[in-house]
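Okay, structure first, notes after.
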Amino acid sequence: MLIGEPVRKLRLATSFTVDLSNIEPCFGEVERTINIFHSIPIPSPTRNIHPVGILSAPMLGNRLPQVIASWFRPEWFELWKELGDIYFGVFYNVIREPRFEFLALMQVLESFHRGKLGGQYLSEKEYKPILQALVNAIPDNVSPEFKESLTKTLNYGYEYKLVTRLAELLDLIGEDLKQILEIDEEYIKWLVRTRNNLTHYGANKKSKKKKSFDSQKLMQAHGRLSHLILALILKEELAIPEEIIQDLLKNRRSVGKLY
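Okay, so the sequence shown: first residue is 25 according to the numbering used here, each after it adds one.
Have a look at this one:
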């Protein structure tokens with residue numbers, strides 16, 4: 025009967041849990057020896073290696089010291105340490121879940137805009153009396169829970185909407201890169217609408233019945249958003265010439281996933 029050490033070895037050799045209820049006891053002398061042969065999967069080093077580098081030293085030429093210095097600027101490092109894990113986690117992830125990737129990249133863009141451009145109609149101090157007036161205007165017959173919810177929403181009324189943030193980010197990269205990425209005003213509206221629907225999934229039942237989420241379209245959005253982030257980093261933070269960025273985005277195989 026298999027007990028103790030043999031069971032442990034069988035478990036390790038087969039890489040699955042041994043169900044002891046299915047093991048038949050054998051009393052007496054064992055008739056013959058049974059050898060278990062199992063191919064143990066060995067992790068392939070290439071699976072853990074990132075794709076070919078986006079930029080090479082020859083491409084940068086004498087700009088390389090400037091690029092390295094720009095990458096390690098304290099203000100850039102503070103912003104990117106919050107966003108880098110999300111971005112590269114999506115960029116190099118081999119298991120693709122379109123909805124998750126889409127929301128993650130939208131979060132990176134929104135946070136990038138906050139850190140880079142701010143995005144406020146007026147300062148928090150200037151908004152404070154306006155906020156108080158808006159809160160005071162909430163009807164008295166509103167439940168405390170609803171009033172609290174409205175107040176929390178109004179707290180951020182002085183900040184730009186997401187559609188405005190995305191439009192400003194596109195202005196940073198310029199018309200030529202926008203055309204390569206195929207992102208225009210209408211596409212921005214679709215991005216924001218899709219993001220809201222995914223974030224508040226099921227809130228609008230009529231809308232949900234009319235249109236389900238198109239995985240292929242989300243995958244296309246993944247490509248455009250990830251390359252938009254890449255273009256922003258290269259142009260705005262590392263001062264890479266636009267012609268180099270254009271070549272990279274036109275030849276999308278060199279920067280990872282396609283759309």
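Here a beta-carbon is modelled for each residue, glycine too, at the ideal position from N, C-alpha and C.
Find out if the Cβ-Cβ distance for the pair L242, F112 is shorter than 8 Å.
The criterion of a C-beta distance shorter than 8 Å is not satisfied by L242 and F112.
Let's see if you can read the secondary structure: which residues bound the alpha helix (DSSP H) around D164?
Judged by DSSP secondary structure, D164 falls outside any alpha helix (DSSP H); it is assigned neither H nor E.
Over what stretch of residues does the alpha helix (DSSP H) that includes L258 continue unbroken?
Neither: L258 is in no alpha helix (DSSP H) and is coded neither H nor E.
Between L151 and E106, what straight-line distance do the alpha-carbon atoms span, to the nearest angstrom?
At residue 151 the sequence reads Tyr, which differs from the Leu that was named. Y151 and E106: Cα-Cα distance of roughly 27 Å.
Between the Cα of G143 and those of V159, V187, K176, G108, spot the shortest distance and give me the residue it belongs to.
Of all alpha-carbon atoms in V159, V187, K176, G108, the one lying nearest the alpha-carbon of G143 is that of V187.
Evaluate I253 with the Cβ neighbour count: other Cβ atoms within 10 Å of its Cβ, from every protein chain shown; 16 or more gives buried, anything less gives exposed.
Buried: at least 16 other Cβ atoms inside 10 Å.
Could you name the residues that DSSP lists as bridge partners for E183?
Looking at the DSSP output, E183 sits in a beta bridge with Q144.
Close Cβ partners of G181 (< 8 Å) along its chain, the five nearest in sequence each way excluded:
Beyond the five residues adjoining it in sequence on each side, G181 comes within less than 8 Å, by CB distance, of Y151, I154, L155, L158 in the same chain, given in chain order.
Measuring only the C-alpha atoms, how far is S167 from N221?
Those two C-alpha atoms are separated by around 26 Å.
Spell out a yes or no on whether the stretch 75-95 and the stretch 209-216 are touching, meaning 3 or more CB-CB pairs, one atom from each, closer than 8 Å.
Contact between the stretch 75-95 and the stretch 209-216 is absent, because fewer than three Cβ pairs lie under 8 Å.
Applying the 10 Å Cβ sphere with the 16-neighbour rule, what's the burial state of F136?
Flag for F136 reads buried.
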